[in-house]
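Novice: Going by my numbering, the first residue of the sequence shown is number 7, and it counts up by one from there.
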Amino acid sequence: MGAYEDVFRASVEDREGFWLRAAEALDWHKAPTRALDDSNPPFYRWFPDGEINVAHNALDRHVEAGRGEQAALIYDSPVTDTKRTYTYAQLRDEVATFAGVLRDLGVGPGDRVVIYMPMVPEAAIAMLACARLGAVHSVVFGGFAAKELAVRIDDAAPKVVVSASCGIEGKRVIEYKPLLDKAIELSAHKPDKQVILQRPQAEAAMGDNDVDWAEAVSKASPADPVPVRSTDPLYVLYTSGTTGKPKGVVRDGGGYATALAWSMPNVYDVSAGQTIFTASDVGWVVGHSYIVYAPLLAGATTVLYEGKPVGTPDAGQFWRVMSEYGVRSMFTAPTAFRALKKEDPNGEYARKYDLSGLKYLFLAGERLDPETYRWASALLDIPVIDHWWQTETGWPIVANPAGIELLEIKPGSPTRPLPGWDIQILDTDGKPVPPGEDGAIVAKLPLPPGAFPTLWNDDERFVQSYMSAFEGYYLTGDGGRIDSDGYVFVMGRTDDVINVAGHRLSTGGMEEVLASHPDVAECAVIGVADQMKGQIPRGFVVLKAGVDSSAEGYEDKLRAELVQMVRDQVGAVASLKEVAIVPGLPKTRSGKILRKTMRGIADGADEPVPSTIESVDVLEALRPVLRKD
């Protein structure tokens with residue numbers, strides 16, 4: 007039995023003891039005597055008799071322990087040529103003062119605050135200020151369309167909205183204030199006030215209900231942390247559906263803080279005083295968990311980066327950040343590394359920087375294809391760790407626990423379930439399938455601390471969407487398999503499994519083959535309707551930078567090679583006969599390829615453009631290819 011086996015077994019055999027011990031890493035106003043309240047399944051509650059303040063644990067606790075002068079948050083913004091470091095003492099003071107601003111605007115425990123901001127330190131300060139007061143924050147990705155913001159304002163019913171005059175997307179300045187004004191005009195619920203951070207790139211015109219951030223901070227007195235029940239909501243984060251009302255994922259304070267504090271040293275191998283760089287956005291769950299809360303709960307240093315992996319100004323910025331700040335673990339989405347591989351296939355930028363401090367690269371958010379894994383592994387010569395989790399879970403479900411024991415890496419697998427996660431593969435009848443066979447990936451209830459206890463004001467939808475398909479299990483919505491060694495292989499959303507003439511095939515398996523071609527930077531395979539076979543796969547590939555596709559006959563030759571590779575490695579049953587070479591693939595701002603949208607357009611549906619899309623232009627350029635116009 008290895009260390010991982012021992013830890014996992016302890017979490018299964020003595021769940022109560024395991025999580026109560028994990029909770030001891032935190033300061034509790036009232037320490038919990040029970041780990042789990044399972045009296046009302048599937049509505050489980052963690053540390054039901056505990057009282058805590060998460061912001062105190064993220065900041066004040068470390069200052070009181072004598073580490074106030076350590077760097078807590080480093081802001082690095084190549085798009086504005088700005089760098090700023092906050093020590094724990096400075097960040098605590100800024101958070102306490104802004105909590106005073108919110109308190110003076112009438113915000114108290116349980117009140118909601120919508121935060122609609124770019125990647126600036128004030129976004130994290132606003133989140134932590136809400137937590138300090140026991141208020142519930144709901145961060146909406148900066149630059150989201152007014153209609154989408156209005157829907158979230160109506161659902162969360164915030165007392166205050168905190169925003170900024172603008173955000174910067176690549177080289178474009180996006181004014182937020184007109185979008186916010188329009189959203190409030192559209193929403194039935196009207197916030198009492200809007201606090202606006204003025205940025206020099208575009209100053210906002212202020213209205214009667216608007217409060218200037220800097221002015222308000224200059225007059226405010228600091229607010230002390232307010233203890234709240236462990237089971238009280240810390241935040242609501244909306245998952246983005248393309249249609250209908252978005253789902254407001256609720257996160258409690260005590261369970262979430264416990265899980266995150268446990269995950270930092272055990273999964274990411276980052277402890278107090280060490281640095282993690284999570285290249286994401288505070289608008290997503292990854293930003294909530296591993297830019298803001300987990301690093302600060304662990305007493306680590308977190309890097310908040312405003313920019314892109316490429317183009318702001320070049321494909322070397324991630325390497326520069328890692329070198330400059332002595333980053334130990336980096337965490338980003340596979341799509342970011344596919345962008346780097348496309349722009350700099352030989353890794354020349356990486357060789358310009360001293361990356362000797364970098365021990366691990368963690369990737370999540372979309373399936374890590376083996377080709378990107380191999381490219382990153384060869385370039386960095388460190389463990390490249392795929393791990394799998396969701397907005398709903400708040401922290402990783404399946405990972406290679408670097409801080410406990412680095413398990414063998416199997417390309418294509420995020421490794422094994424973490425403590426607290428009982429992962430199983432079920433067939434359509436809810437029966438477990440043998441090792442190596444595909445099915446629906448589910449988690450046996452109760453879910454561990456940190457996972458969502460319900461949806462905001464919608465217990466019924468929580469049960470219907472997640473808990474009703476298989477009694478006693480959480481339906482992840484992903485499909486895959488577990489091999490004989492207990493390794494989980496996540497092959498994509500269950501709606502990415504296509505049925506070709508009665509054969510169920512994973513589009514992820516075909517993408518794996520296409521991505522292994524030396525000229526391919528990234529790819530997507532979707533199933534489109536076919537009268538004869540039900541569905542047939544269509545492939546779309548983006549070429550690496552530097553590939554000369556203008557040579558006569560090149561594209562026909564490449565298509566033939568790709569089709570043959572899938573035939574050889576997946577089988578003739580895959581029926582992949584069409585591969586299009588395209589300049590780009592449509593993605594969400596968090597890096598997920600919009601396969602469902604592509605599939606709808608290809609099938610002739612009037613598919614709405616998702617609010618989360620990074621570039622509408624990429625989708626519009628692809629539309630005639632999808633429809634074969």
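Note that beta-carbon positions come from the ideal geometry of N, C-alpha and C, so glycine has one too.
It should be emphasised that the depicted structure is a prediction, and the values quoted were computed from it without experimental measurement.
#1: Excluding the 5 residues preceding and the 5 following residue 301 in the sequence, name in chain order all residues of the same chain whose CB lies nearer than 6 Å to its CB.
#2: Indicate whether residue 53 and residue 40 have their beta-carbon atoms separated by less than 9 Å.
#3: State whether the segment 350-360 contacts the segment 608-626, with contact taken as three or more CB pairs (one from each stretch) at a distance under 8 Å.
#4: Could you check whether the Cβ of residue 304 sits closer than 8 Å to any heavy atom belonging to the ligand MN?
#5: Determine the direct distance from the alpha carbon of residue 442 to that of residue 432, and round the result to whole angstroms.
#6: Should residue 2 go down as buried or exposed, given a rule of 16 or more other Cβ atoms within 10 Å for buried?
#7: So, is residue 213 buried or exposed, given that buried needs 16 or more other C-beta atoms within 10 angstroms?
#8: Please state whether DSSP places residue 390 in a helix, a strand or coil.
#9: By the DSSP assignment, the beta strand (DSSP E) with residue 485 in it spans what residues?
#10: Roughly how many angstroms separate the alpha carbons of residue 35 and residue 274, rounded to a whole number?
#11: Since residue 81 and residue 303 are thought to touch, with beta carbons under 8 Å apart, how far apart are those beta carbons, to the nearest angstrom?
#12: In whole angstroms, what separates the C-alpha of residue 251 from that of residue 157?
#13: Can you tell me where the alpha helix (DSSP H) with residue 190 in it begins and where it stops?
#14: Would residue 236 and residue 56 be called neighbours here (beta carbons separated by less than 9 Å)?
#15: What does the alpha-carbon distance come out to for the pair residue 394 and residue 193?
#16: My guess is that residue 258 and residue 459 are in contact by the Cβ rule of under 8 Å, so how many angstroms apart are they, rounded?
#17: 9 Å is my cut-off, CB to CB: does residue 32 come that close to chain D?
#18: Identify whether residue 169 lies in helix, strand or coil by the three-state DSSP scheme.
#19: Helix, strand or coil for residue 438 per DSSP?
#20: State the DSSP-derived secondary structure class of residue 132, mapped to helix, strand or coil.
#21: Take residue 146 and list the residues in its own chain whose beta-carbon comes closer than 8 Å to its own, dropping the five residues that flank it on each side.
#22: Tell me whether the segment 91-103 and the segment 57-69 touch, counting them as touching only if at least three CB pairs, one residue from each stretch, are closer than 8 Å.
#23: Could you check what DSSP says for residue 81 in three-state terms: helix, strand or coil?
#24: Are three or more beta carbon pairs between the segment 465-478 and the segment 410-419 nearer than 8 Å?
#25: Can you tell me the Cα-Cα spacing of residue 131 and residue 586, whole angstroms?
#26: Label residue 2 either buried or exposed according to how many other C-beta atoms from any shown protein chain fall within 10 Å of its C-beta, with 16 as the threshold for buried.
#27: Which term fits residue 44, buried or exposed, when burial requires 16 or more other beta carbons within 10 angstroms of its beta carbon?
#28: Should residue 498 be labelled buried (16 or more other beta-carbon atoms within 10 Å of its own) or exposed?
#29: What is the DSSP secondary structure of residue 526, counted as helix, strand or coil?
#30: Considering only the beta carbon of each residue, do residue 548 and residue 314 sit closer than 9 Å?
#31: Could you pull out every residue in the same chain whose Cβ sits closer than 8 Å to the Cβ of residue 91, ignoring the five residues on either side in sequence?
#32: Which of helix, strand or coil does DSSP assign to residue 634?
#33: Using DSSP's beta-bridge definition, name the partner residues of residue 430.
#34: Comparing alpha-carbon positions, which option in 409, 333 and 378 lies nearest residue 352?
#35: Output the distance between the C-alpha atoms of residue 371 and residue 164, rounded to the nearest integer angstrom.
#36: With DSSP as the reference, label residue 284 as helix, strand or coil.
Specialist: In terms of the structure at hand:
#1: If we look at residue 301 and ignore the five residues flanking it on each side, its Cβ neighbours are 282 and 308.
#2: Yes, these two residues count as a Cβ contact at 9 Å.
#3: With contact defined as three or more Cβ pairs closer than 8 Å, the segment 350-360 and the segment 608-626 are not in contact.
#4: In the structure on display, the ligand MN does not appear, and there are no ligands present to speak of.
#5: C-alpha of residue 432 to C-alpha of residue 442: approximately 12 Å in a straight line.
#6: Past the boundaries of the shown model lies residue 2; the chain is included only from 7 to 635, so the question cannot be answered.
#7: Around the C-beta of residue 213, fewer than 16 other C-beta atoms lie within 10 Å, and the residue is accordingly described as exposed.
#8: Collapsing the DSSP output to three states places residue 390 in a strand.
#9: Looking at the DSSP string, the run of the beta strand (DSSP E) that includes residue 485 is 479-488.
#10: Near 28 Å, if we compare the C-alpha coordinates of residue 274 and residue 35.
#11: The distance from the Cβ of residue 81 to that of residue 303 is about 19 Å, inconsistent with a contact at the 8 Å cut-off.
#12: If I take the Cα positions, the gap works out to 7 Å.
#13: Start and end: 183-192.
#14: Yes, the Cβ-Cβ distance between residue 236 and residue 56 is below 9 Å.
#15: Whole-angstrom Cα-Cα distance: 35 Å.
#16: Sure, about 6 Å apart at Cβ, within 8 Å.
#17: Here there is only one protein chain, and chain D is not present.
#18: In the structure shown, residue 169 falls within a strand segment according to DSSP collapsed to helix, strand and coil.
#19: Collapsing the DSSP output to three states places residue 438 in a strand.
#20: Three-state result, residue 132: helix.
#21: Residues of the same chain with a CB within less than 8 Å of the CB of residue 146, apart from the 5 flanking positions on each side, are 120, 121, 122, 154, 155, 158, 244 and 289 in chain order.
#22: The segment 91-103, when compared against the segment 57-69, does touch it at the 8 Å Cβ threshold.
#23: Judged by DSSP in its simplified three-state form, residue 81 adopts strand.
#24: Touching, no.
#25: Note on geometry: alpha-carbon atoms of residue 131 and residue 586 lie some 45 Å from one another.
#26: Lying outside 7 to 635, the shown extent of the chain, residue 2 is not represented and no answer is given.
#27: When all chains shown are included, residue 44 counts as exposed.
#28: Here residue 498 is buried, its C-beta having at least 16 other C-beta atoms within 10 Å.
#29: Judged by DSSP in its simplified three-state form, residue 526 adopts strand.
#30: Result no, Cβ atoms of residue 548 and residue 314 do not sit closer than 9 Å.
#31: Correct list, in chain order: 77, 79, 80 and 81.
#32: Note: residue 634 maps to coil in three-state DSSP.
#33: DSSP lists 448 as partners of residue 430.
#34: Comparing Cα-Cα distances from residue 352 to each of 409, 333 and 378, the minimum goes to 378.
#35: Going by the C-alpha atoms only, they are around 29 Å apart.
#36: Note: residue 284 maps to strand in three-state DSSP.
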